[in-house]
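Beneath this line is the structure, given in structure tokens, with notes to follow.
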Amino acid sequence: MNEQTQKYWQAYCQKNNLDPKTEADAFQFGYDADALGQLIVDGIKTATCSGKVFYDLEKEPLPQAGTYDVVLNSKDEPMCIIQVTDVTVMPFNEVPESFARAEGEGDLSYDYWYQGHVDFFTEACKEAGVPFTLEMPVVCERFHVVDVYNG
1393 MNEQTQKYWQ AYCQKNNLDP KTEADAFQFG YDADALGQLI VDGIKTATCS GKVFYDLEKE
1453 PLPQAGTYDV VLNSKDEPMC IIQVTDVTVM PFNEVPESFA RAEGEGDLSY DYWYQGHVDF
1513 FTEACKEAGV PFTLEMPVVC ERFHVVDVYN G
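According to the working numbering, the sequence shown holds residues 1393 to 1543 in order.
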């Protein structure tokens, strides 16, 4: 976490009476950090999913409900803070339409979500040297914005 983001996170903790040692991850969302971050700030994007295999390969713990993340733009500047509200692991081909719509991208249709994610996961799995299947477990996170960065 860079200094600007760390200061933002610490100010949020202080303002909301959170333990200053509370941890938060800071990262850019997906293929277009600025556009996706703005969808989050605007409350349109309230969900995201990733392949469980990538957590396994990196030996990273799965996200947990109640945790916080700082959403960064393409310049690694903070845009907002989100809190994870729900995490569910399910096969890719069982992700419901309501979740796809909550991802807030494109025309909000299941077809748009499905094709975009098939393309994304096919390429990401290929790069990681693992096969993509429609039954691949995905980590589905729901979240809400708790603070928008004002500089």
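Positions of the beta carbon are idealized from the N, C-alpha and C atoms, including for glycine. Owing to the predicted nature of the structure, the values given are computational and were not obtained by experimental measurement.
Please list, in chain order, all residues of the same chain as residue i whose beta carbon is under 8 Å from its beta carbon, the five residues on each side excluded.
i: T1414; result: C1405, Y1460
i: L1410; result: Y1404
Going by DSSP in three states, residue i sits in which element: helix, strand or coil?
i: F1421; result: coil
i: A1457; result: coil
i: L1500; result: coil
i: D1434; result: coil
i: E1519; result: helix
i: E1452; result: coil
Give every residue of the same chain whose Cβ lies closer than 7 Å to the Cβ of residue i, excluding the five residues on either side of it in the sequence, and list them in chain order.
i: T1438; result: A1494, G1496, R1534, F1535, H1536
i: G1435; result: V1537
Identify the residues that DSSP records as bridge partners of residue i: which are they?
i: D1547; result: This structure gives no information on residue 1547, because the portion of the chain shown stretches from 1393 to 1543.
i: R1534; result: A1439, D1478
i: L1464; result: Q1420, P1470
i: P1412; result: Looking at the DSSP assignment, P1412 forms no beta bridge with any residue, so it has no partner.
i: P1483; result: P1529
Should residue i go down as buried or exposed, given a rule of 16 or more other Cβ atoms within 10 Å for buried?
i: Y1400; result: buried
i: T1525; result: exposed
i: A1416; result: buried
i: Y1541; result: buried
i: L1464; result: buried
i: P1455; result: buried
i: F1421; result: buried
i: A1457; result: exposed
i: V1481; result: exposed
i: I1429; result: The question names Ile, but residue 1429 is Gly in the sequence shown. Answer is buried; the Cβ neighbour count reaches 16.
i: F1484; result: buried
i: F1513; result: buried
Q.
I'd like to know if the segment 1460–1479 and the segment 1517–1530 are in contact, where contact means that at least 3 CB-CB pairs between them fall below 8 Å.
A. Pairwise C-beta distances place the segment 1460–1479 out of contact with the segment 1517–1530, as fewer than three of them are shorter than 8 Å.
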